[in-house]
């Protein structure tokens, strides 16, 4: 029998066909990064104050500046209410500059909520969805919840492997691509906050399905030694989209037009329908040998190889997942025997995803220009990914893994401690934390695959990804907590630091080093690893 990887190797494991596919999937990953940064600007909330149409009808602009001073609430309402002064009381204050507000106006004037809506004060020019739907004050708790709904959609998307295993890689990829751009475009027309929330959750769902299905197709068209390159490129393409996002938001500050722009970008991806083939591995595993051989013949032609007749005559050794073949009981027993590794994978996955999205979605709490800060958050990921790639290649897996996590946690700690000392220092260490965390994102995929037995490797990878996405649902609440005086900026970043540094210590103590070692085939081999 001839293995599938042997055939791909004969036809060129990274020839012109794979390079073309590599470029297509690199371009495919960019809109996924755009969506993450779009949320930062869609959910931007600047300083706000009550609309005062009643007073504005009574007084001119010069007088209104003073009227706002009179009615401004100095209590804990913070732009969420005003002192309900009568016209007579305001006239007294305007006519007599020496009038003592605290003594001559009844101190017991009621504070009332902003029943006429809000005016937003910002020099960014951003017109966000949160501003349009007035998700502030009593409704401020909805902001992190809405961001979490997007991440809930991504969490559900991690289960898409079941669908692609059943229906095929290509149909799932094309359907998710269409759904992604369609829902992004439709979100721009959301008439209510409820509609907006539903569409945003679907955006998250389609985003991750598209991302994962593209990765699987790319990986199945090459050999294992080239999949590392596929992995790193998918991360970098996401970072490129992350950098383009703030540029788009700067030139298109209105959230509805920004989402329309992101949706219309989908027109550029229509050729994907003709350029992306089905995975031959999937076709062979489902008995569709003739279709698989047609695609493999095309691979050979583009790569400049003549597909040997013997390949068509070979009995291909492409079977279903070993876990399925050996049965559910064997699968469960394997996981139980290696439960410590599973627990570690789950904890680490949750930690790095919480920190990643915790930093990404709280960029508006950092000092400086939000557009520049967001751009830097994307740019800084690329050196982190390259450093991680080199670290995995030349260093101990455990040291590289835990080292990047320690650096991320320590940077978050310094960002928290230096907030009141120097805002630029806080920004700098937040960026360092993001750089290191981006590197961890890459390393954890490599390390996890190397510390579990072959027969449950895919199960562990999926479990880690799912756990990480579940953890990401909590991330928006870190930025939200930073808005409260009782917590401040310090507490969220301190929490992120503790979470990731604890995980780093556990990695160093409990996970084995796999650098230059053969992948384990059984639990016994895993338990012998140190």
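In the numbering used here, the protein residues as written are 180 to 709.
A virtual CB, placed ideally from N, CA and C, is assigned to each residue, including glycine.
The structure displayed is predicted, hence computed values, not measured ones.
TODO: Would you kindly report the start and end of the unbroken alpha helix (DSSP H) that includes residue 347?
DONE: Boundaries for residue 347: no alpha helix (DSSP H) harbours it, and the DSSP string shows neither H nor E there.
TODO: Compute the distance between the beta-carbons of residue 220 and residue 305, then report whether it is under 8 Å.
DONE: yes
Task: residue 600 burial status per 10 Å Cβ neighbour count (16 or more: buried) - done: Residue environment for residue 600: exposed (fewer than 16 other C-beta atoms within 10 angstroms of its C-beta).
Open item on the list: Determine whether the beta carbon atoms of residue 412 and residue 205 lie at a separation below 8 Å.
Closed with: Their beta carbons are under 8 Å apart, which means residue 412 touches residue 205 by this criterion.
Open item on the list: Could you tell me the alpha carbon to alpha carbon distance between residue 489 and residue 679, rounded to whole angstroms?
Closed with: For residue 489, the predicted structure reports a pLDDT of 43, less than 50, and the residue's modelled location is therefore unreliable. A value from the coordinates is still provided. Spanning the two alpha carbons is a distance of roughly 53 Å.
Task: Where the alpha helix (DSSP H) through residue 302 begins and ends - done: Residue 302 -> no alpha helix (DSSP H), and no H or E assigned at all.
Open item on the list: With H, G and I counted as helix, E and B as strand and the rest as coil, what does DSSP make of residue 544?
Closed with: helix
Task: Given 8 Å, three or more beta-carbon pairs between the stretch 387–405 and the stretch 328–346 - done: yes
Task: Range covered by the beta strand (DSSP E) that runs through residue 260 - done: 260–262
Open item on the list: For the pair the stretch 545–559 and the stretch 670–689, tell me if three or more CB-CB distances fall below 8 Å.
Closed with: no
- [ ] Use the C-beta contact count for residue 387: other C-beta atoms within 10 angstroms, 16 or more gives buried, fewer gives exposed.
- [x] Within 10 angstroms of the beta-carbon of residue 387 lie 16 or more other beta-carbons, which makes it buried.
Task: Segment limits, beta strand (DSSP E) that includes residue 574 - done: Per DSSP, residue 574 belongs to no beta strand (DSSP E) and is neither H nor E.
Task: Bridge-paired residues (DSSP) for residue 552 - done: DSSP, once it has assigned bridges, lists no residue as partnering residue 552.
Open item on the list: The alpha helix (DSSP H) that contains residue 431, what's its start and end?
Closed with: Per DSSP, residue 431 is not a residue of any alpha helix (DSSP H), being assigned neither H nor E.
- [ ] Please work out which residues of its chain come closer than 6 Å, Cβ to Cβ, to residue 617, disregarding the five sequence neighbours upstream and downstream, and give them in chain order.
- [x] 560, 563 and 564
Open item on the list: Let's see if you can read the secondary structure: which residues bound the alpha helix (DSSP H) around residue 382?
Closed with: 372–399
TODO: Find out if the Cβ-Cβ distance for the pair residue 420, residue 367 is shorter than 8 Å.
DONE: no
- [ ] Could you tell me how far apart the beta carbons of residue 620 and residue 541 are, in whole angstroms, since I believe they sit closer than 8 Å?
- [x] No, residue 620 and residue 541 are not in contact; Cβ-Cβ is about 18 Å, not under 8 Å.
Open item on the list: So, at 6 Å on beta carbons, what are the nonlocal neighbours of residue 650 in its own chain, with the 5 sequence-adjacent residues on each side left out?
Closed with: Within the same chain, residue 650 has close Cβ partners 529, 532 and 533.
TODO: Please name the residue or residues paired with residue 227 in a DSSP beta bridge.
DONE: 299
TODO: Would you mind sorting residue 502 into buried or exposed? The rule is 16 or more other CB atoms within 10 Å of its CB.
DONE: Per-residue confidence for residue 502 stands at a pLDDT of 41, beneath the threshold of 50, marking its modelled position as unreliable; the derived number appears in the next sentence. Residue 502 comes out buried.
Task: Collapsed DSSP secondary structure at residue 314 in the structure displayed - done: coil
- [ ] With a threshold of 16 other CB atoms inside 10 Å of the CB of residue 452, please say whether the residue is buried or exposed.
- [x] exposed
Task: Other residues of its chain near residue 348: CB distance less than 8 Å, five sequence neighbours each side excluded - done: Excluding positions up to five away in sequence, the list reads 392, 395, 396, 399, 457, 458 and 461.
Open item on the list: Only counting the same chain, and skipping five residues up and downstream in sequence, which positions put a Cβ closer than 7 Å to that of residue 327?
Closed with: Answer for residue 327: 652 and 655, listed in chain order.
TODO: Locate the beta strand (DSSP E) running through residue 331, then write down its first and last residues.
DONE: No beta strand (DSSP E) contains residue 331, which is instead part of the alpha helix (DSSP H) from 321–336.
- [ ] Please classify residue 434: is it buried, with 16 or more other beta-carbons within 10 angstroms of its beta-carbon, or exposed?
- [x] Taking a 10 Å sphere around the C-beta of residue 434, we find 16 or more other C-beta atoms and assign the residue as buried.
- [ ] Taking only the alpha-carbon atoms, compute the straight-line gap between residue 584 and residue 260 and give it to the nearest angstrom.
- [x] 44 Å
Open item on the list: Just list the residues that DSSP pairs residue 290 with in beta bridges.
Closed with: 262
Open item on the list: Nearest by alpha-carbon distance to residue 370: which of 323, 430, 308 and 354 is it?
Closed with: 308
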